[in-house]
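Only one structure is covered here, and it is reproduced in the block below.
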Amino acid sequence: MIFYFFRALLGFLMQTVPPAFLCIYPFWARQTWERKRPVLFFVFGGFLILGIFIAMVFMDTIRAGKPASNVNLINLLMFLEQGCCFLIYLFVIRAPFFKKLYCLTFISSFYAGIALVASFLNRLLFPELSVGPFVQDGYLWPLSGLCLYVVLVAATYPFLFRLMRRMSSHLLTPTRTGFWPSLCVPPVLFYLWIFLTPNDLFYGWIITSATALMLVLLLCVAFFSLQNLTWVAELEEKTTPPDPQKALSREACAVFNEKLQSSEMLLHDFRHHLLVLKKLLDDDDLGPANHLLQNLLDETETAEPILTSGNYLIDTLVNGRLGALSEKGVAVSAQASVPDILPLDYNTLYPSLLAVLNTAAAVCEAASPCSESELTLSLDYSRQCLRVVCTFPGTQPLDTLSPDLQALSVSGKCRFECERCADGRTQLSLWLS
Numbered sequence: 030m031i032f033y034f035f036r037a038l039l040g041f042l043m044q045t046v047p048p049a050f051l052c053i054y055p056f057w058a059r060q061t062w063e064r065k066r067p068v069l070f071f072v073f074g075g076f077l078i079l080g081i082f083i084a085m086v087f088m089d090t091i092r093a094g095k096p097a098s099n100v101n102l103i104n105l106l107m108f109l110e111q112g113c114c115f116l117i118y119l120f121v122i123r124a125p126f127f128k129k130l131y132c133l134t135f136i137s138s139f140y141a142g143i144a145l146v147a148s149f150l151n152r153l154l155f156p157e158l159s160v161g162p163f164v165q166d167g168y169l170w171p172l173s174g175l176c177l178y179v180v181l182v183a184a185t186y187p188f189l190f191r192l193m194r195r196m197s198s199h200l201l202t203p204t205r206t207g208f209w210p211s212l213c214v215p216p217v218l219f220y221l222w223i224f225l226t227p228n229d230l231f232y233g234w235i236i237t238s239a240t241a242l243m244l245v246l247l248l249c250v251a252f253f254s255l256q257n258l259t260w261v262a263e264l265e266e267k268t269t270p271p272d273p274q275k276a277l278s279r280e281a282c283a284v285f286n287e288k289l290q291s292s293e294m295l296l297h298d299f300r301h302h303l304l305v306l307k308k309l310l311d312d313d314d315l316g317p318a319n320h321l322l323q324n325l326l327d328e329t330e331t332a333e334p335i336l337t338s339g340n341y342l343i344d345t346l347v348n349g350r351l352g353a354l355s356e357k358g359v360a361v362s363a364q365a366s367v368p369d370i371l372p373l374d375y376n377t378l379y380p381s382l383l384a385v386l387n388t389a390a391a392v393c394e395a396a397s398p399c400s401e402s403e404l405t406l407s408l409d410y411s412r413q414c415l416r417v418v419c420t421f422p423g424t425q426p427l428d429t430l431s432p433d434l435q436a437l438s439v440s441g442k443c444r445f446e447c448e449r450c451a452d453g454r455t456q457l458s459l460w461l462s
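Below is the structure:
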């Protein structure tokens, strides 16, 4: 009896452990170690425990010599084993549902086909298997039958292992909608074919030939699916989507070129004025020369920039929006500790920072001209996060401020806080990451 027990346990483990390993392998490198331990414990520990119970039932069946005595219990244990493995696999492995389902159905149907072929070959090569309880079941094959099954598994395992290793690079990459659900259809149909096929020696040649052909077709579907995924991945690498930061950089370069051309035109005009001034001085015509010089001084008088951080986008926004406040009597001070190129999405940075500046500038412009308004701005980039703090007069209720920022915050693009300071001023804080 002990020999029959270990023979049944060995047959069970041989038909469950290799498929389980191949199902888990494509997702194994993507799982953290905290999740790998429960996978090993639940899957392989569950296989061992259920295998022991099933082997004990088969051993009792052999001892009683009545195959029908434990059919219901055997079917219950088999469905329990398959259901538990299915649930553990789907809930423990972190991956999209249909990609996990494809691996599970593909490997399960493939090994079920191998078991069907091995069952027919065993009954054909070993006539003693044609009689006796559960002759078609792999758990009760003699050692010669198990050796034949090992040969079939060993012959196909390297190819399946390379196939699943190649598949692991595509399983967690985004694909078009409906691709993986459509791939689940052939393995499921093949599994139904095996489940509904009568294991009869009379039809064995036809059934085995059809099963072997469907195994080849199943492998071809998997192979060409991987080829399609590889081709799509290579095509996406060759046609990379445009980088929004590069597009904004090109726009900034275009603006810089326009300013450079304007500067060259101003330089040409300034040279013309200098030549006129030289002619007036050579003719000792000091009155017109003094008048021309005074006009040039008035025209070239410029205000000091509020912020010179080195970041072109931030400097342009701050100086362009807050520069006019100084002429209206608003004391503006700004400081920034940011790199020349921020590793942030400029499509979010631009409207968010502009909303802060517009809110502060609108409050300062609406303040009483007699009151002394002061606006302070601070920008700091650290720990991959940009923090913007703007303080301005608290002359308006907090709930009426920054509607643009509220819309951005609701969309999840940024986070901001608006609060009243102890001195009555309003502080607006913005975080971008």
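For the sequence shown, position 267 matches number 296 in our numbering, and the numbering has no gaps at all. We put the beta carbon where it would ideally sit given N, CA and C, even for glycine. Please read all numbers here as calculations on a predicted model, not as lab measurements.
Hey, residue i and residue j are a contact pair by Cβ (cut 8 Å); roughly how many whole angstroms apart?
i    : j    : result
Y140 : C52  : Not a contact, Cβ separation roughly 10 Å.
N151 : L181 : With 8 Å as the limit, N151 and L181 do not qualify as a contact, their Cβ atoms being about 10 Å apart.
C419 : L461 : Rounded, the Cβ-Cβ distance is 14 Å, inconsistent with contact.
A365 : L336 : 6 Å
P21  : S137 : Residue 21 is absent from the model: the chain starts at 30 and stops at 462.
S338 : V367 : 6 Å
C213 : Y131 : 5 Å
L459 : V417 : 4 Å
L309 : P317 : 5 Å
C393 : F421 : 6 Å
N387 : R350 : 7 Å
A390 : L354 : 6 Å
Quick check: what's the CA-CA separation for residue i versus residue j?
i    : j    : result
M294 : L321 : 19 Å
V359 : K307 : 41 Å
E333 : S362 : 12 Å
R191 : V46  : 17 Å
R449 : Q456 : 6 Å
N319 : L289 : 30 Å
I143 : R123 : 29 Å
A451 : H301 : 57 Å
M43  : F127 : 26 Å
V164 : G174 : The pLDDT assigned to V164 is 39, lower than 50, so where the model puts this residue is not dependable, and the model offers no usable value.
A183 : P125 : 30 Å
Y379 : G453 : 29 Å
L315 : F299 : 19 Å
D369 : T405 : 21 Å
I343 : L373 : 13 Å
P216 : F135 : 5 Å
P210 : L153 : 38 Å
N376 : L116 : 43 Å
Q425 : S292 : 42 Å
P162 : F56  : Caution is warranted here: a pLDDT of 41 is assigned to P162, below 50, making its placement in the model unreliable, and the coordinate value is therefore given only provisionally. Cα to Cα, P162 sits roughly 39 Å from F56.
L109 : R195 : 31 Å
V160 : F219 : Caution is warranted here: a pLDDT of 44 is assigned to V160, below 50, making its placement in the model unreliable, and the coordinate value is therefore given only provisionally. Distance between the alpha carbons of V160 and F219: 28 Å.
F35  : L145 : 22 Å
R412 : F188 : 46 Å
F50  : L382 : 52 Å
K129 : L39  : 27 Å
D313 : K357 : 42 Å
A396 : S402 : 8 Å
A97  : W222 : Any reading at A97 needs caution, since the residue's pLDDT is 45, under 50, leaving its predicted position unreliable; the model's value is listed next. Roughly 24 Å separates the two Cα atoms.
A283 : N324 : 32 Å
L296 : G423 : 45 Å
N286 : R279 : 10 Å
M193 : Y186 : 10 Å
L303 : S407 : 42 Å
G167 : S197 : Model confidence at G167 stands at a pLDDT of 48, short of 50, so the residue's coordinates are unreliable and nothing is read from them.
Y410 : F120 : 40 Å
With residue i as the anchor, note down where its alpha helix (DSSP H) starts and where it stops.
i    : result
C132 : F126 to L154
C393 : Y375 to A395
Determine whether the Cβ of residue i lies closer than 9 Å to any Cβ atom of chain B.
i    : result
L404 : Although the question refers to chain B, the structure presented lacks it and comprises just one protein chain.
Spell out the partners DSSP gives residue i in its beta bridges.
i    : result
Y410 : L415
W460 : R416 and R444
S404 : A small fix is needed here, since residue 404 is Leu in this sequence, not Ser. Answer by DSSP bridge pairing, in chain order: V361.
F421 : T455
R449 : T455
Should residue i be listed as close to the ligand NAP, given that the test is whether its C-beta is under 8 Å from any heavy atom?
i    : result
F149 : Looking for the ligand NAP in the displayed structure turns up nothing, as the structure carries no ligands at all.
In chain order, which beta strand (DSSP E) runs of at least 3 residues are fully inside the region 308 to 371?
-> Within the region 308 to 371, the complete beta strand (DSSP E) segments of 3 residues or longer fall at 360 to 366, listed in chain order.
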